[in-house]
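Going by the UniProt record's numbering, the first residue of the sequence shown is number 1, and it counts up by one from there. Structure, as structure tokens:
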Amino acid sequence: MSQTVRGVIARSAKAPVELVDIVIPDPGPGEVVVAIQACGVCHTDLTYREGGINDEFPFLLGHEAAGVVESVGEGVTHVAAGDFVILNWRAVCGECRACKRGRPHLCFDTHNAKQKMTLTDGTELTPALGIGAFADKTLVAEGQCTKVDPAADPAVAGLLGCGVMAGIGAAINTGAVTRNDTVAVIGCGGVGDAAIAGANLVGAKTIIAVDTDNAKLNWARDFGATHTINARELDPVETIQDLTDGFGVDVVIDAVGRPETWKQAFYARDLAGTVVLVGVPTPDMRLDMPMIDFFSHGGSLKSSWYGDCLPERDFPTLISLYLQGRLPLEKFVTERISLDAVEESFAKMHGGQVLRSVVVL
Numbered sequence: 001m002s003q004t005v006r007g008v009i010a011r012s013a014k015a016p017v018e019l020v021d022i023v024i025p026d027p028g029p030g031e032v033v034v035a036i037q038a039c040g041v042c043h044t045d046l047t048y049r050e051g052g053i054n055d056e057f058p059f060l061l062g063h064e065a066a067g068v069v070e071s072v073g074e075g076v077t078h079v080a081a082g083d084f085v086i087l088n089w090r091a092v093c094g095e096c097r098a099c100k101r102g103r104p105h106l107c108f109d110t111h112n113a114k115q116k117m118t119l120t121d122g123t124e125l126t127p128a129l130g131i132g133a134f135a136d137k138t139l140v141a142e143g144q145c146t147k148v149d150p151a152a153d154p155a156v157a158g159l160l161g162c163g164v165m166a167g168i169g170a171a172i173n174t175g176a177v178t179r180n181d182t183v184a185v186i187g188c189g190g191v192g193d194a195a196i197a198g199a200n201l202v203g204a205k206t207i208i209a210v211d212t213d214n215a216k217l218n219w220a221r222d223f224g225a226t227h228t229i230n231a232r233e234l235d236p237v238e239t240i241q242d243l244t245d246g247f248g249v250d251v252v253i254d255a256v257g258r259p260e261t262w263k264q265a266f267y268a269r270d271l272a273g274t275v276v277l278v279g280v281p282t283p284d285m286r287l288d289m290p291m292i293d294f295f296s297h298g299g300s301l302k303s304s305w306y307g308d309c310l311p312e313r314d315f316p317t318l319i320s321l322y323l324q325g326r327l328p329l330e331k332f333v334t335e336r337i338s339l340d341a342v343e344e345s346f347a348k349m350h351g352g353q354v355l356r357s358v359v360v361l
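Below, the structure written as structure tokens:
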């Protein structure tokens, strides 16, 4: 039978979110009901609320989540009731051209649960990133659940579901940062600090953090930045070059996603260096640069979707490193809040007061 639980929805663009009753159907074939234990408040959820993703309101918000599998539908073999899982929004298909070429992290046909969660009046909900985890329980596709060590704190583990994985993966998977590399990260919010943590984990010798907020630069030091640059006070490109004997760094990660920061990233790298764009631009943004600069610099220009992660490969490994004390994921959790405090947490996030507020159920 279906069940009624609490959930946080965005009913219309820019309106405050609401905590309401929602209806979760029994899992169908290939589907799983997960009892949510914790869910991070990500900027993407705010973008949904603002109408910046699409207009398929009402949205059931929340996607950086961990919890316990409550029940599974027909044919589910990947997880079982009682498993502790992290939810992800890239349930790969295994059949598209990317998957068949051995690149499932680039899957072109990721999927979600087929059934719809609803309001009590039957209105269908659109779950954020196909998850919808600001709720006591949610319905997802089997492939959206990744089993990990249950010793992990759910408030910490769930953050791998989006922003933290995006940053770590941008450094390790997309940027291929390795020992003795020099790295710069532009933008030191949650994603940028995760990139710094990832670069530190694999042994980068120099990690330069760039931001306009000294509080965020202090956070960056906690995650392993060896140098910091306040871009309001110093020219980032010139300063990065000064810190690297005039050459620039091996890898620059743009965690902001604006034309001006991408240009800084481009010119702050070494001649054969790599630029990784993991910050998300808006559709109206444009670049105007001399083509000769692209030709003369060489190297690689990459975009990173979800840190080019493969959840079943990356989540268990990163949780293991966290439990060993080698990856300080717990430092991303600024505060733990209740389900009725999401709207307030959006204001704190927008004001740069938190790395992550995490709803704990």
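Note that beta-carbon positions come from the ideal geometry of N, C-alpha and C, so glycine has one too.
query                                                                                                     : result
Cα-Cα separation between GLU64 and GLN37, rounded to whole angstroms                                      : 11 Å
Reduced DSSP category for GLY130 - H, G, I as helix; E, B as strand; rest coil                            : helix
Sequence-distant residues of its chain with Cβ nearer than 8 Å to LYS14 (five each side left out)         : ARG49, GLU50, GLY51
Local Cβ density within 10 Å of GLY62, reported as buried at 16 or more and exposed below that            : buried
Where the alpha helix (DSSP H) through GLY7 begins and ends                                               : It is not in any alpha helix (DSSP H) - GLY7 instead sits in the beta strand (DSSP E) that spans 3-10.
C-beta contact flag for VAL140 and VAL32 at 7 Å                                                           : yes
Rounded straight-line distance, which links the Cα of SER300 to that of VAL202                            : 20 Å
Backbone secondary structure at LEU318 - three-state DSSP                                                 : helix
Option in GLU124, ILE172, ALA194 with minimal Cα separation from PHE332                                   : ALA194
CB-CB length for residue 362 against VAL85, believed under 8 Å                                            : No statement about residue 362 is possible, as the shown extent of the chain runs from 1 to 361 and does not include it.
Alpha carbon of ARG101 to alpha carbon of PHE108, nearest angstrom                                        : 12 Å
Cβ pair count under 8 Å reaching 3, the stretch 280-294 against the stretch 304-314                       : no
Boundaries of the alpha helix (DSSP H) in which ASP242 is found, first to last residue                    : 236-242
One or two residues paired with ILE337 in a DSSP bridge                                                   : VAL359
Close beta carbons around VAL17, own chain, < 7 Å, minus the five adjacent residues each side             : VAL8, ILE9, ALA10, ARG49, LEU61, VAL342, GLU343
Span separating the alpha-carbon of ALA220 from that of CYS39                                             : 23 Å
Euclidean distance between Cα positions of VAL358 and LEU329                                              : 13 Å
Inter-residue CB distance, GLY257 and PRO281 (contact presumed, cutoff 8 Å)                               : 5 Å
Candidates ASP45, THR77, LEU355, THR44, of which the one nearest GLN144 by Cα                             : THR77
Nearest neighbour of ASP242, chosen from LEU129, GLY307, ASP293, THR182 [CA to CA]                        : THR182
Cβ pair count under 8 Å reaching 3, the stretch 170-178 against the stretch 230-242                       : no
Alpha-carbon spacing of GLY28 relative to LYS116, whole angstroms                                         : 11 Å
Extent of the continuous alpha helix (DSSP H) to which ALA195 belongs                                     : 190-201
Local conformation of THR123 per DSSP, three classes                                                      : coil
Check whether VAL34 and THR126 have beta carbons under 7 Å apart                                          : no
Buried versus exposed call for ASP222 [16 or more other C-beta atoms within 10 Å across all chains shown] : exposed
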